Ligand code: WT7
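In the working numbering, the protein residues as written are 1 to 633.
Here it is in structure tokens:
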């Protein structure tokens, strides 16, 4: 059965059907898969506990739906194409049959090293095919993977290991990233000094740099698979068993482990992949994300492979060794669908058209955007210069918690409107609410974005703390999933995402919690208190601006500022490093002691013409000082 939506009429019909008969709608799509035991009910749910069960009581293994299901037709088709960091090194191509063999071998290697169904495995790896193999091998044996972006610091890695009590880490000796070589194994060694649950570390040789291998704990990848059979009996899993945990930042405290379960995630990533990108059998698809983020999980690995697609993985960065690298790769592999982030577009826009003119880009059929609102200027630049005005541009709105794309044009099927994520996929029921939770009907309305009905890849829980999941997503507005985003439905009925309405900053498409950055800053012995806000940044979308109160007897401000930046980088990672740090003698506070972030945001945005009412402040005089300190008089 082909579940690709083929026309605007088909979209409308399917959309209506998905609302009036959601169980039939999803049940029919799920028929495409191979189930060890069929479901007793497509959906059981309530948003109060919350509890969502999709394809209830069924049994399956996700990897059987990539391999056993597809091998008779796809054995010799390329599954993964890999482009290394250095364009002069050899690329790699793996067929479905070869990927299956590699997955089985590595699955056996993990089992031989003590991993059983339900155990948590951390993947802290570069963008190499082995990262995908590791994820699939976990799914094969029922282990729960948690991929940690390899740019995170040792303490961020340790926090994640401790939170999910992981038993194994999969990593590499070092990573290549543009002109840099990053000593990843050393970061893992440092992290493991703060953890107690890791029994084994499997290390892929990538850069060849010397590393410490701890006897009894650390094993080379090549040794681990050396004697393993290329056959592996898949573990039979329940639909609602955990497939993976992925940590993401929220508005409070530590990052939370978003939990996705097997069957619903499988169905939704497959369905959304084929429909949004309109993938056709001979296409080459490329998503530039890292597997450390949800985009990499859903639209480099799981969605494309479940659809039998050829998915390209790129190890490097867009500007190495030259700013035409993306375009060079598109021509080299004749990429048909290209999916990237607005921040990458804006960063490349700076180099002008010259780096593009060397390439034809004529294989492209669809271009996509994800991670943050795409501004109109970047939308047009991307559409005209990369899509040559002929490729539909899919601006895909979704979240780690949604597992898959929720609101987006379907390429060439539903209309394109610059900077608009536009319409929900069939099966997705968005609602716009005001602050009190009243639904805002009709067009030309603006409010908070909620979803009123479950979709198969909805977050199931936050690992180890179900109440946090309930509080964060299901308590703000009763009976609805709250996204944390603001949205506008325009006069034509298209949705435009306006950005976060909570204390989350989106830096280059990566989510950072203000509290998380503040906690890191507060680790500095001379910092008394801090406040972090986002401000508009021409390339990153938003940048991080930190205010800190320090002990009086301290160093010059410039020194404190650079120490604070370095500290955040060390505690969280380079992506969290504040763009600006301003040392202040106090922070604007209300009489109840709450920091008035509104003022701090205005100053950070260099927009102090209308600061609003500051008369309720406990310390109104501080505002003048802060404005002065920011050089804004
Ligand atoms: C937040 C989710 C989803 C994969 C990457 C980010 C923002 C994401 C868009 C878009 C406007 C977007 C939202 C969302 N966002 N895509 N097309 N237009 N905003 O995943 O780290 O979980 O972040 O990214 O604010 O809530 P994430």
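Ideal placement from N, C-alpha and C gives every residue a C-beta, glycine not left out.
If you're wondering where the values come from, they're calculated on a predicted model, not measured in any experiment.
How big is the Cα-Cα spacing for residue i and residue j?
i	j	result
residue 570	residue 254	16 Å
residue 373	residue 339	14 Å
residue 426	residue 26	10 Å
residue 575	residue 507	8 Å
residue 520	residue 40	48 Å
residue 57	residue 43	10 Å
residue 589	residue 617	6 Å
residue 578	residue 514	11 Å
residue 235	residue 261	15 Å
residue 283	residue 392	16 Å
residue 244	residue 68	21 Å
residue 483	residue 228	44 Å
residue 628	residue 518	23 Å
residue 274	residue 212	44 Å
residue 114	residue 61	20 Å
residue 263	residue 239	5 Å
residue 281	residue 526	59 Å
residue 633	residue 610	13 Å
residue 490	residue 496	7 Å
residue 630	residue 369	34 Å
residue 434	residue 473	16 Å
residue 377	residue 300	27 Å
residue 15	residue 313	32 Å
residue 486	residue 445	11 Å
residue 171	residue 84	17 Å
residue 493	residue 381	24 Å
residue 191	residue 363	44 Å
residue 18	residue 24	8 Å
residue 185	residue 344	28 Å
residue 33	residue 416	31 Å
Taking residue i as part of the alpha helix (DSSP H), name the residues at either end of that continuous run.
i	result
residue 27	22 to 30
residue 459	Unbroken run through residue 459: none, as it is neither H nor E.
residue 188	184 to 192
residue 346	342 to 349
residue 469	466 to 469
residue 223	221 to 226
residue 129	129 to 141
residue 303	303 to 306
residue 74	71 to 74
residue 299	Taken as a continuous stretch (DSSP letters only), residue 299 belongs to no alpha helix (DSSP H), as it is neither H nor E.
residue 591	Element bounds for residue 591: n/a, residue is neither H nor E.
residue 93	Per DSSP, residue 93 belongs to no alpha helix (DSSP H); it is in the beta strand (DSSP E), 92 to 95.
residue 264	262 to 277
Quick one, are the C-beta atoms of residue i and residue j less than 8 Å apart?
i	j	result
residue 321	residue 348	no
residue 315	residue 176	yes
residue 603	residue 626	yes
residue 536	residue 346	no
residue 148	residue 291	no
residue 353	residue 385	yes
residue 635	residue 120	Not covered by the structure: residue 635. The range shown for the chain is 1 to 633.
residue 259	residue 459	yes
residue 75	residue 103	no
residue 150	residue 125	yes
residue 430	residue 410	no
residue 134	residue 106	yes
residue 117	residue 158	no
residue 400	residue 248	yes
residue 379	residue 421	no
residue 389	residue 398	no
residue 549	residue 587	yes
residue 166	residue 122	yes
residue 457	residue 265	yes
residue 45	residue 51	yes
residue 463	residue 296	no
residue 267	residue 79	no
So the beta strand (DSSP E) residue i belongs to, where does it begin and stop?
i	result
residue 488	481 to 489
residue 449	445 to 451
residue 629	Here residue 629 belongs to no beta strand (DSSP E); instead the alpha helix (DSSP H) covers 621 to 629.
Note to self: Residues around the ligand MN, please: the ones whose beta-carbon is closer than 7 Å to some heavy atom of it, in chain order.
What the structure shows: Absence of the ligand MN is noted for the structure shown, with the ligand WT7 being the only ligands found.
Check: In chain order, which continuous runs of the beta strand (DSSP E) of length 3 or greater are located wholly inside the region 322 to 407?
Finding: 337 to 340, 366 to 370 and 393 to 396
Notebook entry, point to check: What residue ranges within the region 485 to 527 form continuous beta strand (DSSP E) runs of no fewer than 3 residues, ordered along the chain?
Noted result: With a minimum length of 3 residues, the unbroken runs of beta strand (DSSP E) contained wholly in the region 485 to 527 fall at 495 to 500, 504 to 507 and 510 to 513.
Next item on the list: Please go through the region 35 to 71 and give each complete beta strand (DSSP E) segment of 3 or more residues, from N-terminal end onward.
Entry: 41 to 46 and 51 to 56
Item checked: Contained beta strand (DSSP E) runs [length at least 3] in the region 196 to 245, N- to C-terminal order -> 200 to 204 and 218 to 220
Next item on the list: Scan the region 155 to 181 and note each continuous beta strand (DSSP E) run of 3 residues or more that stays entirely inside, going in chain order.
Entry: Qualifying beta strand (DSSP E) stretches, in chain order: 168 to 172 and 175 to 177.
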